[in-house]
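Numbering (the numbering used here), first residue to last: -11 to 168.
Here the structure comes first, spelled out in structure tokens, and everything after it is commentary.
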């Protein structure tokens, strides 16, 4: 038996297996792949947006918007619901998940203490769920779908600046269309 002759074959098999496994891990659906997809979406959206976020959207912003959109889907809500929520987040934080804000407000939606714990409000999916809960409470039986986006956002958020939400509706719709 020729052990020396089998060493290159063994090394080839081991190296090929490692490369294949590494390639699967690197090109899989993990965080790196999601970041890449989110960056590609941000790059494309930056050319399409017309308001505050135009040219400023990052992969992190897209990831936050994606959480809001996916939460709407998980609740069997439609694109209009997601658009209302994304418009709200654009106004409140420009899609940044802020650890602080006005008084005790935190997170994407700048939710106050009565919504939940500080940690919960910083979880984009949890915060979106809380927003949708409030939206369905204020606008029962899907009645939010018949109202202007800005009016619904204001009805949920009760902002001191009610006119800001409608201004972001078109960009929110563009973002949701891309992520839906």
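C-beta atoms are modelled at their ideal positions from N, C-alpha and C, and glycine is treated no differently.
Quick caveat, the model's predicted, so the values are computed rather than measured.
Practice prompt. Step through the CB atoms of chain D and report whether any lies within less than 8 Å of the CB of residue 93.
Written response: The chain labelled as chain D is not found in the depicted structure, where only one protein chain is given.
Item to complete: Could you spell out where the alpha helix (DSSP H) holding residue 191 opens and where it closes?
Response: Look at the range of the chain in this structure, -11 to 168, and you will see that residue 191 is not part of it.
Worksheet entry | Helix, strand or coil at residue 86 according to DSSP, with G and I counted as helix | Strand, per DSSP.
Practice prompt. Can you give me the start and stop residues for the alpha helix (DSSP H) that residue 164 sits inside?
Written response: 157 to 167 is the span of the alpha helix (DSSP H), which, as asked, contains residue 164.
Worksheet entry | Outcome for residue 125 when other beta-carbon atoms lying within 10 angstroms are tallied against a minimum of 16 | Burial is judged here by how many other beta carbons sit within 10 angstroms of a residue's own beta carbon; residue 125 has fewer than 16 and is exposed.
Item to complete: Could you please give me the residues that DSSP links to residue 95 through a beta bridge?
Response: DSSP lists 86 as partners of residue 95.
Item to complete: Excluding the 5 residues preceding and the 5 following residue 54 in the sequence, name in chain order all residues of the same chain whose CB lies nearer than 6 Å to its CB.
Response: 167, listed in sequence order.
Item to complete: Determine the contact status of residue 56 and residue 75, defining contact as a CB-CB distance below 8 Å.
Response: Result no, Cβ atoms of residue 56 and residue 75 do not sit closer than 8 Å.
Practice prompt. Classify residue 61 as helix, strand or coil using the three-state DSSP reduction.
Written response: Helix at residue 61.
Worksheet item: Smallest Cα separation from residue 26: which of 40, 35, 45?
Response: Nearest option by C-alpha distance: 45.
Worksheet item: residue 52 and residue 85: beta carbons closer than 8 Å?
Response: Residue 85 sits close to residue 52, with the two beta carbons spaced by under 8 Å.
Discussion item. Can you look up residue 102 in the DSSP assignment and give me helix, strand or coil?
Written reply: The three-state reading of DSSP puts residue 102 in helix, counting H, G and I together.
Worksheet item: Apart from the five residues on each side of it in sequence, which residues of its chain come closer than 7 Å, Cβ to Cβ, to residue 110?
Response: Excluding sequence positions up to five before and after residue 110, its CB lies within less than 7 Å of the CB of 85, 87, 94, 95, all in the same chain and listed in chain order.
Worksheet item: Can you tell which of 134, 129, 149, 100 has the C-alpha that lies nearest to the C-alpha of residue 118?
Response: Put simply, of 134, 129, 149, 100 the residue whose alpha carbon is nearest the alpha carbon of residue 118 is 100.
Worksheet entry | Identity of the residue in 104, 50, 108 nearest residue 162 by Cα | The shortest C-alpha separation from residue 162 is found at 50.
Discussion item. Please state the DSSP three-state secondary structure of residue 41.
Written reply: The three-state reading of DSSP puts residue 41 in coil, since its state is none of H, G, I, E or B.
Worksheet item: If you drop the 5 nearest sequence neighbours on each side, which residues of the same chain put their C-beta closer than 6 Å to that of residue 68?
Response: Hits under 6 Å: 133.
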